[in-house]
Structures are given as structure tokens and as C-alpha cells.
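In the numbering used here, the protein residues as written are 19 to 681. Positions of the beta carbon are idealized from the N, C-alpha and C atoms, including for glycine.
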């Protein structure tokens, strides 16, 4: 979930200093796409370890005097023929606030220094199971450090301690670890999310989280012409590099081999923190407290329970463009055509599998994409690259599931992180605009920033020269009512799972434009990002295969497989396993439910009824629980966009006339 890199040049290296220093800056800036919450840099010399870390983006850190001081220390060491060693990190925060520099990388504790990419999904269990482990910070990386300290005190060598700690930490994790007492740095990865390049004659060793970052660094300085090749560190492998000679000391699959004692060489100096901003937290009430003061939510729930629905499925009369016959059967049921999966063999033929082919599987942490990754790895025998675009509303449980899946399967994971603060500000502006003049057709604008996922996926696929992408979106999820409220009739089923006709795409743009004239608050600084998202989703040519066009999607089979084989985690906020990776779902589903009397769940369960996976009676009983507002999720979303949930619900309840127009 982060970006790490390192440049090690021996004192005998004849490389130009300006290439080394410019390479560090370039690598740090390129790594920023993996995490923009915080950044850090460190230099190792024979006298000291000096570092700077900032609760902000790398592009700001490189302009700071502290960054220049770290680089200057490395330069002076190289001029003394003592070597040039600089490591860097860009972070997407998952455990511990990015405003706390103690939780930002590199992590320094007990003379141990570490850079970490990934999520230790059993971090809390590690500390809970062993009271002797001291916890000083909130970041999950500390679990790895604490375990190494424990094993070292019990007489284990550094290598043995690292190995045991690595095995104990679950998830897709990559660590770069060293101590002040060692002349060696240890690189270890669970899933191969680390690349390195080395040349003992040139006295150089480089590493980075992504192949492209390393390749660009080599190309920039002509190293590629010298035939220095990029290698992927194999999963569950430790690489030990001598910091003084830049040579690989040991490369070994994790099995417990001892590498001998390592000597003490240096002391530690910490630079002061960069400026951090204050974070305020608001205590949030629950829905019942709000409902007791305003229009009772329970009354609203009873009202929606009495709406007229299709006698075959669950779609209500408030569903846009839906018509019913005399028997009360909706047009979606009347026009339904069963979909026959093409079969796994057909997918294999379509892929044209070869030993050199590599593929991308986008993964959100939700059940469908995780199951698609399982199919690609275990049923097709592929070694794909998993890709995630985190735009600021990926839930913690989704991030843990991503780490869990990639760690268990040993699959490289590439994450592109947006500027999360900026994305959340954009959503905030559009929610505020919507509250001034609500229109259900404009709710998808809240999620427009997510749609640039398709652009970034195409970029990564091109960089890595991947054959194609395998998407895990199933045909039971499309909710045409979202564009229906914008005046777009999408009761038809198109060839692709998520698509609308060309004419309707133009109508949709016209609708958004007209609403922006009616409500100029939509004409804010988020406009460019929203347009980019709409273009990526609706107009950019996307070449991919849908796994579930070939493999039957059965809800119970999917969930049982994921939970049994991988310990896939559901949400603590709801029993529903759908949309648990999307932090925005509790918010927009509440709005749809309040104003129109139904949510995505009505559509999804209706599709399952038509497919024969569930009876109408079972679906209706399940819907009563699935459609209950997710208060915890609603509040978390409001906190992410820095709006008061109480004020929002009060404001929403003022629009009685608007709600009545849709019911």
C-alpha cells in the first residue's frame, strides 16, 4: 500500500554523484503514486543514519531543506569514498495517522529501522496474544519490529529473527530492515512486490516497489545500455545486501538459514518533524438519536415497506422507466433473458495462454474481485498482477482483504493512490452542492472521482506489457436507476456488464450540464476531476474480459470459497457482504432509500430472483435487513469528507416535498 526504493553505491563506485542524487529525487517522486499521505527519506553513512519524514506528499518534501540535508549527507559520504546509501518511502496510511510522524515511514524503534509496504492483517492479534510485546505506535509495521526484538532477545540471530517475524506477520507485506549495529540491509517480500538491479563492477544496487520505477531510473542514467537488468524478488524470499560494498550477501527462500553475526557501525540522528496540521474528531450520535428529534426514521422505514413492488421480483413502482402489466409484473422481468456462462475452457481459449503471458486482475477487496483473483490464480494457473486504485473511499476491511488475498496467493500487488485529501474535498463540494438543490440523478457525481481507475489500470497494463485485464464485475450488480433518475432509460441490458448506449451517454452529459446551470455550486474545483472520471468510465476505450461472463457467479459459492480458503473478512457494520469495500455506499444508499424507497439491494436481489438463486420470499426477508441504514458507515463517510452527519440528515429530512415527488 506504499512505495519504497533504495540506492546503494559503494565507496569504490565510479558513478557520477549527480546521477545518484537526481535518481533519488526521481524515484521518490515516481513512488508517490503509491501513496501521498506522507513521505520519508534517509541516508546511511559510517557515522550516522539521518532521516526526514513529512506528513505530506513527496513533491513537497523534495523542496524542503530537511530533504536537502539528508541528500547532502549522502553526497559528502560518497565524496569521502565511503559510499552513497539513500532509502525512501511514500505512504498511503492504513494504520496510524499520517499526521503522526512516529507512524510515518521509515519507522525507527530500538535502534531498528524499517520501511514497509503492505498491511499486517493480524497486527492486533500479534500484540493481543503476547503481552511481552511493547507497543509504542499505532502503525502496523511495529508488530514486525516488536517480534524481531523478542526473538533477538531469545538468542536468535538477526536473520532467524527476521524470518520468524516475517512468517508470523500475515498479509502481502514487503519489508526493508536494518539496524544501527549491522552493515547489512534485509529485503524480504511475501508476494514479489519488490524489484532490484545490481552490478558489482559498477558498485551499485537499486531496489523499488515497482518494476517501472526501477526501469525508469536505469534508463535515465544509461544503466540499461550497460546491461543492468531488473529482477523481481521472488515471493517469500529474503535478500541481504552489504551496505558498504553494495553486493548481495545472501539470497534465500525463507527457511530459517542463519547468516552469521553482523557488526555495529553507526549511531542514529533524527531530524525534526516537518509541520503537521491538527486533526479534530467529532463524536457522532446514532440514527435513533437523530430520528427522535426530526421525522422519525422508523416511520420512514415503515413507509418504504408498504411500497408497491413487482409481483415477481422486488423492484418498486418508484424505479424510473419501469412499467408493469396487469398482473403486476415489471418490464425487467418480462424482458429478462437468462445469461449462459461461456465456461472456463472458453476463457482459456480467449486468453490464448502462453508461458510468457501476464495479466492484470483489478482488486477492490470486495467479494467479486477477490473471487476473480482466485479464479485467475487457482483455476487458470496464472501469475497475474493485482491492481488497486485507492481514491480515498476504500474501506479498511477491503484493504485487509486485498493484503490477505495477495499474501496468500503470492501475487504482486500494484496500488495507485490518488491525492486522498483532494479527492475527499472534491466530494465534499459536490455533496454540499447537492444538498442545496437535491436531484437523485446527480448522486453518481459523488463517485465520479473513482472512475479514473480505468485510466490508471490502462497505464499500468501498458507499463508492464500485460496481455489483457480480467475484471470481476458480475451481471447482477448494474443499477440502471442511477442514470434513470437523470432521465436515461437503462432498463435494457447491454453487451457489457457496465455500459450505456452512445446516445444515452450524450444525454447524461447534457443532464449534468443542465443541472450545473440550475445549481452553479457544481461548477467548483472538482469539475476537472469529475469530467476525467466520466470520460474514463463512459468514453475511454477499455479492453478487458469479464471473468463472470465465463465462470458462473453463485453468491453462496463465492462467499464460501473466499472465507474457507483465505479467511476473507466481511464488514462489522452489516451482514451484507456486498459493497463492503466502498465507503460511499452507506451514504448514497441512504439517500436513495429515503427519497425513492429503494436501494441497490432491491435491484441486486431482484436479479438473483430472476436467476433462480433465491426465492422472492427469501429476498424480501433479506431486504428488510440489507436496506436498514448503515449508521456507522454513514458517519465514517461524513467524517472522511469533513461534514457533520447530523446536519446532513437534518437537511435531508427537510426535503419532504422532494421525497414525495418520487413516492
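Neighbourhood of residue i by C-beta, 7 Å cutoff - its chain only, sequence neighbours within 5 removed
i	result
residue 558	472, 473
residue 426	584
residue 537	451, 454, 455
residue 448	463, 464, 540, 544
residue 663	302, 652, 653, 656
residue 357	493
residue 438	54, 55, 410
Range of the contiguous alpha helix (DSSP H) that encloses residue i
i	result
residue 338	From DSSP, residue 338 is part of no alpha helix (DSSP H); its letter is neither H nor E.
residue 435	Careful: residue 435 lies outside any alpha helix (DSSP H), inside the beta strand (DSSP E) at 431-435.
residue 127	No alpha helix (DSSP H) contains residue 127, which is instead part of the beta strand (DSSP E) from 125-127.
residue 574	573-584
residue 197	Per DSSP, residue 197 belongs to no alpha helix (DSSP H); it is in the beta strand (DSSP E), 192-197.
residue 76	76-79
Residue j beta carbon less than 8 Å from that of residue i
i	j	result
residue 622	residue 464	no
residue 381	residue 365	no
residue 487	residue 562	yes
residue 94	residue 75	no
residue 183	residue 210	no
residue 531	residue 444	no
residue 258	residue 213	no
residue 101	residue 29	yes
residue 20	residue 109	yes
residue 416	residue 370	no
residue 646	residue 601	no
residue 612	residue 670	yes
residue 204	residue 180	yes
residue 208	residue 428	yes
residue 46	residue 106	yes
Separation of residue j from residue i, as counted between CA atoms
i	j	result
residue 186	residue 332	47 Å
residue 635	residue 335	18 Å
residue 597	residue 484	28 Å
residue 60	residue 141	25 Å
residue 188	residue 458	42 Å
residue 394	residue 401	8 Å
residue 230	residue 224	13 Å
residue 326	residue 638	13 Å
residue 571	residue 520	28 Å
residue 641	residue 197	55 Å
residue 48	residue 441	20 Å
residue 260	residue 267	6 Å
residue 577	residue 589	13 Å
residue 52	residue 227	9 Å
residue 461	residue 507	17 Å
residue 148	residue 65	36 Å
residue 33	residue 235	14 Å
residue 79	residue 232	21 Å
beta-carbon residue i near the ligand HEM non-hydrogen atom, thresh 7 Å
i	result
residue 585	What this structure holds is no ligand at all, so the ligand HEM is not there to describe.
Minimum C-alpha distance to residue i - residue among the options
i	options	result
residue 616	328, 235, 51	328
residue 386	159, 204, 567	567
residue 550	631, 572, 468	468
residue 668	78, 641, 454	454
residue 379	358, 396, 403	403
residue 215	37, 160, 23	23
residue 154	177, 437, 119	119
residue 138	191, 640, 108	191
residue 552	574, 376, 533, 524	524
residue 63	34, 85, 26, 38	26
residue 129	266, 195, 477	195
residue 587	389, 37, 235	389
residue 489	351, 475, 482	475
residue 40	501, 412, 104	104
Neighbourhood of residue i by C-beta, 6 Å cutoff - its chain only, sequence neighbours within 5 removed
i	result
residue 73	56, 116, 117, 294
residue 217	246
residue 111	55
residue 413	599, 601
Span of the beta strand (DSSP E), counted from its first residue to its last, around residue i
i	result
residue 270	266-271
residue 134	130-135
residue 109	102-109
residue 404	403-408
residue 60	56-62
residue 226	222-226
Other residues of its chain near residue i: CB distance less than 8 Å, five sequence neighbours each side excluded
i	result
residue 436	54, 407, 408, 409, 410, 467, 470
residue 97	35
residue 276	Residue confidence is low: residue 276 scores 32 on pLDDT, short of 50, so the model does not pin down where it sits. Its coordinate-derived value is still stated next. The answer, listed in chain order, is 175, 177, 178.
Residue i at chain C interface by Cβ criterion, 8 Å
i	result
residue 68	Although the question refers to chain C, the structure presented lacks it and comprises just one protein chain.
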